[in-house]
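For reference, the structure is listed below as structure tokens.
Protein chains: 2
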Amino acid sequence: MKEYMKKIDGGVTAPKGFSAAACAAGIKYQGRTDMALIYSDKPCVSAGTFTTNVVKAAPVQWDMKIVHGDGPVRAVVVNSGIANAATGKPGMEICEKTAEAMSALYGGKRDEVLVASTGVIGMQIDAGKITAGCGSLYEQRSDSIEAGTQAAQAIMTTDTHKKEIAVEVSLSDGKTIRIGGMTKGSGMIHPNMCTMLGFVTTDAAIAKQWLQRAISEIVDHTFNMITVDGDTSTNDTYVILANGEAGNTPINDIGEDYLRFREGLFFVSEYLAKEMAGDGEGATALFECCVKGARSLNDARTLAKSVVGSSLCKAAIYGHDSNFGRFLCALGYSGVSFDPDKVDIDYESAAGKIAIVRGGMGSGYDEAEATKILSENAVSVQVDMHMGGESATAWGCDLSYDYVRINADYRS
Amino acid sequence: MKEYMKKIDGGVTAPKGFSAAACAAGIKYQGRTDMALIYSDKPCVSAGTFTTNVVKAAPVQWDMKIVHGDGPVRAVVVNSGIANAATGKPGMEICEKTAEAMSALYGGKRDEVLVASTGVIGMQIDAGKITAGCGSLYEQRSDSIEAGTQAAQAIMTTDTHKKEIAVEVSLSDGKTIRIGGMTKGSGMIHPNMCTMLGFVTTDAAIAKQWLQRAISEIVDHTFNMITVDGDTSTNDTYVILANGEAGNTPINDIGEDYLRFREGLFFVSEYLAKEMAGDGEGATALFECCVKGARSLNDARTLAKSVVGSSLCKAAIYGHDSNFGRFLCALGYSGVSFDPDKVDIDYESAAGKIAIVRGGMGSGYDEAEATKILSENAVSVQVDMHMGGESATAWGCDLSYDYVRINADYRS
């Protein structure tokens, strides 16, 4: 980690001036929290990236209008029961009502409130439940670390654990800023944003265009490099709010402080992305593919994503089976042109590293050793294409019985 | 079925002048047949389509050279133990030895013999076993229906049943021709050819260019519209041999007889493609998606394939779960642009038909009725995009626990 950066406790409430809350609004599930709030005492500039799916959930449409506009943001209201996608006009009215309810509580305008949803597609949300939930969230909000953690738990669907992180970054003017984030992922996770909701807060003072530039640059190397099942969801949202409470000289050019801020945001984003990949539905292992020696960055990304996205490669990882032909096969159908006779492949994990393929053919490796390396809960398949100088890393997870179990009866 | 066509018994030995055989050569599996021969008494013209994977198995490279050349073909030798992919020069030498062994038996040249392999990638084939197998196959060859069936069984890997079919077509000169085919599929099945091997024989007299045109036109509507797991294999091969033994006026233009021949080949190809999709690894149901009202044929194909290729849609079919948002989601991330508020979706099966989505939203349908329709072993999801006049159908299968079980320990 860079000398100007350190990891600190907490998540979205770690930066100054942000509070959070969770409540059980009974949107769909019973006996668990299912709504979360992130709230800033001061107006924030916002930036974000959203799903590329043509079918965009109502809250995605709502948020895109706000984040791509010029106005301030004060709050984000999330529910994890119903995705509010494929819900037509009534779905958009729910976004309006949610934002109205929250903004009325703090005395602001409805277009300062972002709304996010995840869960089942096609069902309508009960307006009464969501507005009641807003009241409860606003009342309970707190800037404690625990409040941030409770929010991170409330946004989970089939996630097995909450995902949050925070860092502190020293800027060149001696001021320190903080960046905190939380995500939920699990199913419908695929490059170009996922069934993932991610929210980052920072107390840095930074101009909107530089905030947007940082998040756009980072998403291509982090969230857009993970896949669970190849299904790009209707609801993917990754948003950052900056309230300027750290009092630093505002970041407004590509100087040292922008680079430090970006490094901090990169650390937070990469951590959250990898956490999501490794906690994919039914996953027993984080499955990483590093490609080097590609002709272009785009080639490297495409190749790495093809491997971690392949059902057959994922099933091989689940079975700890060194069926290297499947990795070669997934490289081969990625759409990237290369010389198959040049490809080298290694496996690496906490149990060691082993050469598997040399010049497109099996290296005559020891099967027991390969199986041992593939049996760890984080496994890396490292490919050298010998075609050029570009590299990229993608993250996914194995394909298990539980993925099928979870998704065959998700709604019940 | 057209009045000039009828289904007949058998497979690749149904057309005149073709014989077949199977034997247990012990290439990899024990206690089962694992090699097959198709043999023609007379020289054949050939045509075919092959995998688009950059990593092409040695037999694919061998066959492409022959099929894209001008010479005659007399035989196809298949093994179902080892794919002979990622095997470098030794792998190509196995193809040469196989073709030499077979051509020596009937007294011909090695470049008249096609070779096909399916099974594990990255292992080398034992040359002694394969040449011994050639001897046994040639000796046992027979033009009986049973011999064709035995060949169809010998090429299976994780297929649960053999796949063969034959038709008879009356041409305008009063002659009848026959077309017979067999395939194996199961895993690594995805558009742009699959881990599928398909072989078709015909006694029609037809010029090479028209044979190639027919198979190319048909593959786009049949084999390239099926998917099991999105993994385009290194070995996909679909080849047709025509020996002219029916004595018809040779087909050499786009007249009535070409159209009748193509109709026959389409029937055979569509049957075999659907059989492969429905018998995908672990499948409990054939999962069809018909898209109409698309702006272009390419859009229609892309949309239909996106739905049958989605892990989440496949898991919903396995669970008989009317989670229609997943179908909308898969349409949305296909890359095709459309208006989500116009989409209609119906389900249809032997149990009935039901309207599920109207104008991009749930129709308020009866859940029990939808579940009943999705519980059949062949289920159709019918989409009207209301964007234009083009349509396409794609076929796949559901995603079950057994897919994971089969693929987590395929090599053991």
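If you read the sequences in order, they're chains A and B.
The opening residue of the first sequence carries number 1 in my numbering; numbering runs sequentially from there.
The opening residue of the second sequence carries number 1 in my numbering; numbering runs sequentially from there.
Cβ atoms here follow ideal geometry from the backbone N, Cα and C, with glycine treated the same way.
Model, not experiment: these values are computed from the prediction.
**Study point:** Neighbourhood of D402 (chain A) by C-beta distance below 6 Å, restricted to the same chain and skipping five residues each side
**Key:** G282
Review point. Could you give the distance in angstroms between the alpha-carbon of C194 (chain B) and the alpha-carbon of I121 (chain B)?
Key: Any reading at C194 (chain B) must be qualified, since the residue scores a pLDDT of 41, below 50, and its modelled position is unreliable; the value itself is stated next. Roughly 14 Å between the two C-alpha positions.
**Study point:** Local Cβ density within 10 Å of M1 (chain A), reported as buried at 16 or more and exposed below that
**Key:** exposed
Check your understanding: What residues from the stretch 95 to 128 of chain A come within 8 Å of chain B, judged by C-beta to C-beta, listed N to C?
Key -> V120, I121, G122, M123
Point to revise | Which of helix, strand or coil DSSP assigns to K305 (chain B) | key: In the structure shown, K305 (chain B) sits in a helix (DSSP, three-state: H, G or I).
Practice item. Could you spell out the range, first to last residue, of the beta strand (DSSP E) harbouring R178 (chain B)? Key: Residues 176 to 184.
Check your understanding: Any idea if T183 (chain A) is buried or exposed, counting beta-carbon neighbours within 10 angstroms, 16 or more meaning buried?
Key -> buried
Review point. What is the residue span of the alpha helix (DSSP H) that T131 (chain B) lies within?
Key: 127 to 140
Exercise for review: Say whether the stretch 157 to 170 of chain A touches the stretch 88 to 106 of chain A, bearing in mind that this needs 3 or more beta-carbon pairs closer than 8 Å, one atom from each stretch.
Suggested key: no
Practice item. Consult DSSP for K292 (chain A) and reduce its assignment to one of helix, strand or coil. Key: strand
Review point. Does the distance from the C-beta atom of E390 (chain A) to that of A300 (chain A) stay below 7 Å?
Key: yes
**Study point:** Spatial distance of A214 (chain B) from C329 (chain A) (CA atoms)
**Key:** 28 Å
Check your understanding: Do F199 (chain B) and I317 (chain B) have their C-beta atoms within less than 7 Å of each other?
Key -> no
Check your understanding: Okay, do the stretch 109 to 120 of chain B and the stretch 70 to 79 of chain B touch, 3+ Cβ pairs below 8 Å being the bar?
Key -> yes
Point to revise | CB contact below 7 Å: T371 (chain A) versus chain B | key: no
Review point. For I130 (chain A) versus G264 (chain A), is the C-beta spacing smaller than 7 Å?
Key: no
Review point. Can you round the beta-carbon distance between G81 (chain B) and G119 (chain B) to whole angstroms, since I take them to be within the 8 Å contact cut?
Key: 5 Å
Exercise for review: Could you have a look at K163 (chain B) and say whether DSSP puts it in helix, strand or coil?
Suggested key: strand
Practice item. Return the chain-ordered ranges of every beta strand (DSSP E) run that is complete within the stretch 26 to 95 of chain B and spans a minimum of 3 residues. Key: 35 to 50, 73 to 79
Practice item. Reducing DSSP to helix, strand and coil, say where K208 (chain B) ends up. Key: In the structure shown, K208 (chain B) sits in a helix (DSSP, three-state: H, G or I).
Practice item. Quick one: using the 10 Å Cβ neighbour count with 16 as the cut-off for buried, is S216 (chain B) buried or exposed? Key: exposed
Point to revise | beta strand (DSSP E) runs wholly inside the stretch 331 to 407 of chain A, at least 3 long, in chain order | key: Here the runs fully enclosed are 344 to 349, 352 to 358, 378 to 384, 390 to 397.
Check your understanding: From the DSSP output, which residues share a beta bridge with E168 (chain B)?
Key -> B:K6, B:R178
Exercise for review: Whole angstroms is fine: what's the gap from A99 (chain A)'s alpha carbon to V73 (chain A)'s?
Suggested key: 11 Å
Check your understanding: Quick one, are the C-beta atoms of V379 (chain B) and C289 (chain B) less than 7 Å apart?
Key -> no
Point to revise | T49 (chain B) classed as buried or exposed, judged by whether at least 16 other C-beta atoms fall within 10 angstroms | key: buried
**Study point:** Exposure label - K16 (chain B); buried when at least 16 CB within 10 Å
**Key:** buried
Check your understanding: Could you check where the beta strand (DSSP E) with S117 (chain B) kicks off and where it finishes?
Key -> 113 to 117
Check your understanding: Which same chain residues, not among the five before or five after L239 (chain B), have their C-beta less than 6 Å away from its C-beta?
Key -> A small fix is needed here, since residue 239 (chain B) is Val in this sequence, not Leu. Around V239 (chain B): G48, F199.
Exercise for review: Could you tell me which chain A residues have their CB closer than 7 Å to the CB of N54 (chain B), listed as they occur along the chain?
Suggested key: Looking at the sequence provided, one finds Val at residue 54 (chain B) rather than Asn. Residues of chain A passing the Cβ test: G332, S337, F338, P340.
Practice item. Return helix, strand or coil for T237 (chain A), following the three-state DSSP convention. Key: Three-state DSSP puts T237 (chain A) in a strand.
Practice item. My understanding is that A20 (chain B) touches A36 (chain B), with C-beta atoms under 8 Å, so please give their C-beta distance in whole angstroms. Key: Taking C-beta atoms under 8 Å as the contact rule, A20 (chain B) and A36 (chain B) qualify, at a distance of about 7 Å.
**Study point:** Residues, ordered as in the chain, of the stretch 349 to 377 of chain A that lie near chain B by beta-carbon distance below 8 Å
**Key:** V357, G359, G360, M361, G362
**Study point:** Y347 (chain B): contacting residues in chain A (beta-carbon distance under 8 Å)
**Key:** Those within 8 Å of Y347 (chain B) in chain A number zero; the least Cβ separation is about 14 Å.
Check your understanding: Name the chain A residues that come within less than 7 Å of S233 (chain B), Cβ to Cβ?
Key -> C329
**Study point:** Alpha-carbon spacing of S311 (chain A) relative to T237 (chain B), whole angstroms
**Key:** 21 Å
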